[in-house]
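**Q** Numbered per the UniProt record's numbering, the sequence shown spans residues 1 to 368.
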Amino acid sequence: MKYQKRQKAIILLADGTIFYGKAVGNKQGTAFGEVCFNTGMTGYQEIFTDPSYFGQIMVTTNAHIGNYGTNAEEVESDSVKIAGLVVKNFSYEYSRDAADSSLEEFLDKNNLLAISDVDTRALVSYIRDNGAMNAVISTEVDNIEGLKKQLAEVPNMEGLELASKVSTKEPYYFGDENATYKIAALDIGIKKNILRNLAKRDAYIKVFPYNSKFEDLEAFNPDGYFLSNGPGDPEPLAEAQEVAKEIIKRNLPLFGICLGHQVIALANGVSTYKMHNGHRGINHPVKNMVTGKGEVTSQNHGFAINREETEAHEDLQITHVHLNDNTVAGIAMKSKNVFSVQYHPEASPGPHDSSYLFDQFIENIKNK
Ligand SMILES: NC(=O)CC[C@H](N)C(=O)O
């Protein structure tokens, strides 16, 4: 048996609640972030590398994590983006032909602190009841008071701008340069599978840093514009909102996913708010209000757009609704070539019910 004497570890929540566990591997250390949970039964590697999770400590509700190893191609960015990991059973062994390393090696390479043997069911039901909050995971189990002090200094997710921490520093290209359509994508935390989905639909994409100006994107002479997913609060993203306003003003084809959707709402004067607990999983039910059809969707967000303000807005239509809590899951502008969704049609991980949204974007470009 590997690591028979593993370090004791804790997760300490901002309200003082403690859950106990053990460090994964030989790791020792401390990591801070906002605690959140994902209910997906599969797709842990995609989750851990999704830039939208930057600054968050991930609790997985699936009881076995690591059992199918990792594969260099199943990433949503070039590194692990979560701040820390909390699991029930961590599998040091893995069995899958396509895997090229164990999850333990993968996390070590990325220097990520993970703790296991935590009663994640109790932890998740606690944070479901008490709402999103900051937390620390640590092997310093005898330094609770010290950890509490440090934890109190960690900034709140509300109001926090994080896109700059994960965005590309320089523009780059994705796909085949001879493709039919050119798309300018603003990277406020973009997932690779969004780029793959656009490229697969005959698009050549230029990806721009979070603080680019509309003119920078326009200089690529794109047929369509895309605003990506990403971490943190959408409210402080003034530059991205400005880009959205300029695109909207010119009635150019625009599609936004998750953080990008929130930015489009803000550009229309609709406010966003922090949810009690976000939506994170791969079986979230959404109703398409235009077709009346249901979709099972992949979701990962802790903020949402204000429903009343969206309803009152004369140029906005609610196209998608989350069936668990009636929050707005998608919007379109009535007089413009602009639409967006709060969830993840790129589905990495997740079901493919919503991939038609990428087709719709390409149609919008064609019809322009
Ligand atoms: N996946 C995302 O783009 C998340 C958007 C935003 N950071 C939120 O938590 O709501």
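All C-beta atoms in this analysis are idealised placements derived from N, C-alpha and C, irrespective of residue type, glycine included.
Suppose the cutoff is 7 angstroms on Cβ atoms and the five residues either side in sequence are ignored; what does the same chain contact list for Tyr-273 look like?
**A** Taken in chain order, the residues that qualify are Phe-303, Ala-304 and Asn-306.
**Q** Closest to Asn-26 by CA distance: which of Ala-9, Thr-168 and Phe-220 is it?
**A** The shortest C-alpha separation from Asn-26 is found at Ala-9.
**Q** Say the cut is 7 angstroms; is the CB of Gln-241 nearer than that to a heavy atom of ligand 1?
**A** Not so, every heavy atom of ligand 1 lies at least 7 angstroms from the Cβ.
**Q** Drop a sphere of 10 angstroms on the beta-carbon of Arg-201, count the other beta-carbons inside from all chains shown, and report buried for 16 or more, exposed for fewer.
**A** Buried.
**Q** Between the alpha carbons of Phe-339 and Glu-311, how many angstroms are there, rounded?
**A** So the two alpha carbons sit approximately 15 angstroms from each other.
**Q** Pop quiz: His-301 and Gly-131 are said to be a contact at Cβ under 8 angstroms. What is the actual Cβ separation, rounded to whole angstroms?
**A** Not really, about 15 angstroms apart at Cβ, beyond 8 angstroms.
**Q** So is residue 373 buried or exposed if we call it buried at 16+ other beta carbons inside 10 Å?
**A** Any question about residue 373 goes unanswered here, given that the chain covers just 1 to 368.
**Q** Let me know the secondary structure DSSP gives Arg-250 once reduced to three states.
**A** Correct three-state label for Arg-250: coil.
**Q** Taking 7 angstroms as the cut-off, is the beta-carbon of Pro-234 closer than that to any non-hydrogen atom of ligand 1?
**A** Yes.
**Q** Have a look at Ile-183 and Tyr-204 and give me their C-alpha separation to the nearest angstrom.
**A** Between Ile-183 and Tyr-204, the C-alpha separation is close to 6 angstroms.
**Q** Just to check my reading of the structure: Pro-209 and Lys-169 have Cβ atoms closer than 8 angstroms, yes? What is that Cβ distance to the nearest angstrom?
**A** Confirmed, Cβ separation roughly 6 angstroms.
**Q** Can you give me the start and stop residues for the beta strand (DSSP E) that Glu-235 sits inside?
**A** Looking at the DSSP string, Glu-235 is not in any beta strand (DSSP E), and its letter there is neither H nor E.
**Q** Could you tell me which residues DSSP pairs with Lys-274 in its beta bridges?
**A** BP columns for Lys-274 point to Phe-303.
**Q** Measure the CB-CB distance between Lys-191 and Ser-348 and report whether it falls below 8 angstroms.
**A** Closer than 8 angstroms, so yes.
**Q** Just checking my contact of Glu-140 with Leu-147 at CB under 8 angstroms: how many whole Å lie between their CB atoms?
**A** The Cβ separation is near 6 angstroms, so the contact holds.
**Q** With a 10 Å radius around its C-beta and 16 neighbouring C-beta atoms as the bar for buried, classify His-352 as buried or exposed.
**A** Under this definition His-352 is an exposed residue.
**Q** Please state the DSSP three-state secondary structure of Lys-88.
**A** Lys-88: coil per DSSP, three-state reduction.
**Q** Cβ of Phe-226 within 7 angstroms of any heavy atom in ligand 1?
**A** Checking every heavy atom of ligand 1 against the Cβ of Phe-226, none is found closer than 7 angstroms.
**Q** Using three-state DSSP, classify Pro-51 as helix, strand or coil.
**A** Correct three-state label for Pro-51: helix.
**Q** Taking the beta carbon of Gly-292 as the centre, do at least 16 other beta carbons fall within 10 Å, making it buried, or is it exposed?
**A** Counting Cβ neighbours within 10 Å, Gly-292 comes out exposed, since fewer than 16 surround it.
**Q** So the beta strand (DSSP E) Asn-364 belongs to, where does it begin and stop?
**A** Here Asn-364 belongs to no beta strand (DSSP E); instead the alpha helix (DSSP H) covers 356 to 367.
**Q** Residue ranges of each beta strand (DSSP E) run of no fewer than 3 residues wholly in the region 165 to 199, ordered along the chain?
**A** Runs of the beta strand (DSSP E) inside the region 165 to 199: 172 to 174 and 181 to 186.
**Q** Glu-346: buried (16+ other C-beta within 10 angstroms of its C-beta) or exposed?
**A** Looking at its Cβ environment, which holds 16 or more other Cβ atoms inside 10 Å, Glu-346 is buried.
**Q** Taking 8 angstroms as the cut-off, does the region 53 to 64 touch the region 115 to 125 (at least 3 CB pairs, one atom from each stretch)?
**A** In short, these stretches touch, since the Cβ pair count reaches three.
**Q** Per DSSP, Val-296 is paired with what?
**A** According to DSSP, which records beta bridges pairwise, Val-296 is partnered with Pro-285.
**Q** Please list, in chain order, all residues of the same chain as Ala-332 whose beta carbon is under 6 angstroms from its beta carbon, the five residues on each side excluded.
**A** Contacts found: Gln-317, Thr-319 and Phe-339.
**Q** Across the region 97 to 115 and the region 72 to 86, are there enough close Cβ pairs to call them in contact, namely three or more that are closer than 8 angstroms?
**A** Short answer: they touch.
**Q** Please confirm if Ile-365 has its CB atom under 8 angstroms from at least one CB of chain C.
**A** Here there is only one protein chain, and chain C is not present.
**Q** Secondary structure at Thr-120, three-state DSSP: helix, strand or coil?
**A** If DSSP states are grouped into helix, strand and coil, Thr-120 belongs with the helices.
**Q** Short check: CB of Ile-194 to CB of Ile-257, under 8 angstroms?
**A** Yes, the Cβ-Cβ distance between Ile-194 and Ile-257 is below 8 angstroms.
**Q** Evaluate Val-328 with the Cβ neighbour count: other Cβ atoms within 10 Å of its Cβ, from every protein chain shown; 16 or more gives buried, anything less gives exposed.
**A** By the 10 Å Cβ count, Val-328 comes out buried.
**Q** I think Gly-189 touches Ser-354, with their Cβ atoms under 8 angstroms apart; what is that distance to the nearest whole Å?
**A** Not confirmed; about 19 angstroms, so no contact.
**Q** Could you tell me if Asp-187 is buried or exposed, where buried requires 16 or more neighbouring beta carbons within 10 angstroms of its beta carbon?
**A** Buried, because 16 or more other Cβ atoms sit within 10 Å of the Cβ of Asp-187.
**Q** Between the alpha carbons of Ala-163 and Arg-280, how many angstroms are there, rounded?
**A** If you take the alpha carbons of Ala-163 and Arg-280, they lie about 19 angstroms apart.
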